[in-house]
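Read the structure below first, then the notes.
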Amino acid sequence: MSALVIWGEDDHERRGRALATTYATTAQKISVKPTKMPGLATLVFWGHGDPSAFCGLPSKDFVDLVGAWRKLNGDLKTVEMLTCNARHKQYGFPDSYTKQVVDQLGKKQAGIKFKALPVAVGPSGKTADYSILKWHPASATWAYIGAPGDFPQQGSSTTMDKHMHAADVKLGDFMPPRGDNVGYVRAHAAMKAFQGMTVTHPYAIKRKWDQKQVDVYNEELKLVKRDAFIMAGTIGLLRWCLTEIN
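Read in order, the letters of the sequence shown are residues 4 to 249 in the numbering used here.
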């Protein structure tokens, strides 16, 4: 076995098992204790994340878990992470979760390659403060969405993830039940090609929108297209979108 996929929370089991098929391997829950597996070279983790924890683990505990696997599997050379918000500093944390992990791996587990999704930078050149990795089970497609934070009030030093969620909603507008494109790949292509809402569009007619409401929608979509980072693909493509960050 050259790779093992490990999912964190229970709601990640289905996607974890789907991902394992692209590595021609198996998947298991993170609570399963490390064991010796002949030829194991790569661990792939998928779960919820933010600067404080990933798969429910603070960065120190995650690095210790990697160490426990490596102690039993001398061929382990690569660790891959799939999650939301891993690349961003938030909530008063001095470093992103990935930076915390990289610093500790260098001290405790030298030689391990660490991979994660790239830092999200939108078309306008703005770096995202928040990101989310969406999964669509029916089509086995995903979307990695990032956007800058917004300040909820004047003088605030803390940003919120309003822009990221706006991008998520706008992308979802092109998928069932609101749109016609099944899966994130088709929805993303449709969103990029969309020239703007009109009062005669079925979406607007269903909601009984007037021109003012249509204008608001178009302005919001314009901001999403300008500032948000969106990358979408099939489950088989996901592993190839990771970047080495140590």
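Positions of the beta carbon are idealized from the N, C-alpha and C atoms, including for glycine.
Would you report the Cα separation of residue i and residue j, rounded to the nearest angstrom?
i      : j      : result
Leu240 : Pro54  : 26 Å
Asp98  : Tyr147 : 21 Å
Glu12  : Lys80  : 25 Å
Arg90  : Asp183 : 32 Å
Val219 : Val185 : 26 Å
Val47  : Trp212 : 46 Å
Pro41  : Leu22  : 20 Å
Met200 : Arg229 : 17 Å
Pro205 : Asp176 : 12 Å
Gly30  : Ile238 : Checking the sequence, you will find Ala at residue 30 rather than Gly. Each residue's Cα considered, the two are about 15 Å apart.
Could you tell me the boundaries of the alpha helix (DSSP H) in which residue i lies?
i      : result
Glu83  : Run containing Glu83: none in the alpha helix (DSSP H); it sits in the beta strand (DSSP E), Thr81 to Leu85.
Ala6   : That residue, Ala6, is in no alpha helix (DSSP H); its beta strand (DSSP E) goes Ala6 to Trp10.
Ile208 : Pro205 to Arg210
Ile238 : Ile238 to Leu241
Ala89  : From DSSP, Ala89 is part of no alpha helix (DSSP H); its letter is neither H nor E.
Look at the Cβ atom of residue i, then the Cβ atom of residue j, and state whether they are nearer than 8 Å.
i      : j      : result
Ile33  : Val82  : no
Gln112 : Val69  : yes
Val8   : Trp49  : yes
Ala170 : Ala150 : yes
Thr24  : Pro121 : no
Lys173 : Val227 : yes
Thr45  : Ser5   : yes
Is DSSP giving residue i helix, strand or coil here?
i      : result
Val122 : coil
Gly175 : helix
Val47  : strand
Ala71  : helix
Leu245 : coil
Please report the Cβ distance between residue i and residue j, rounded to the nearest whole angstrom; I am assuming they are in contact, meaning their Cβ atoms lie under 8 Å.
i      : j      : result
Ala123 : Phe232 : 4 Å
Trp145 : Ala235 : 7 Å
Thr86  : Phe57  : 6 Å
Ala131 : Met84  : Actually they are not in contact, since the Cβ atoms of Ala131 and Met84 sit about 17 Å apart, beyond 8 Å.
Could you check where the beta strand (DSSP E) with residue i kicks off and where it finishes?
i      : result
Thr25  : Looking at the DSSP string, Thr25 is not in any beta strand (DSSP E); the run it does join, the alpha helix (DSSP H), is Glu16 to Thr25.
Lys137 : Tyr133 to His139
Ala146 : Thr144 to Ala150
Ala196 : From DSSP, Ala196 is part of no beta strand (DSSP E) but of the alpha helix (DSSP H) over Tyr187 to Ala196.
Gln112 : Careful: Gln112 lies outside any beta strand (DSSP E) and carries neither H nor E.
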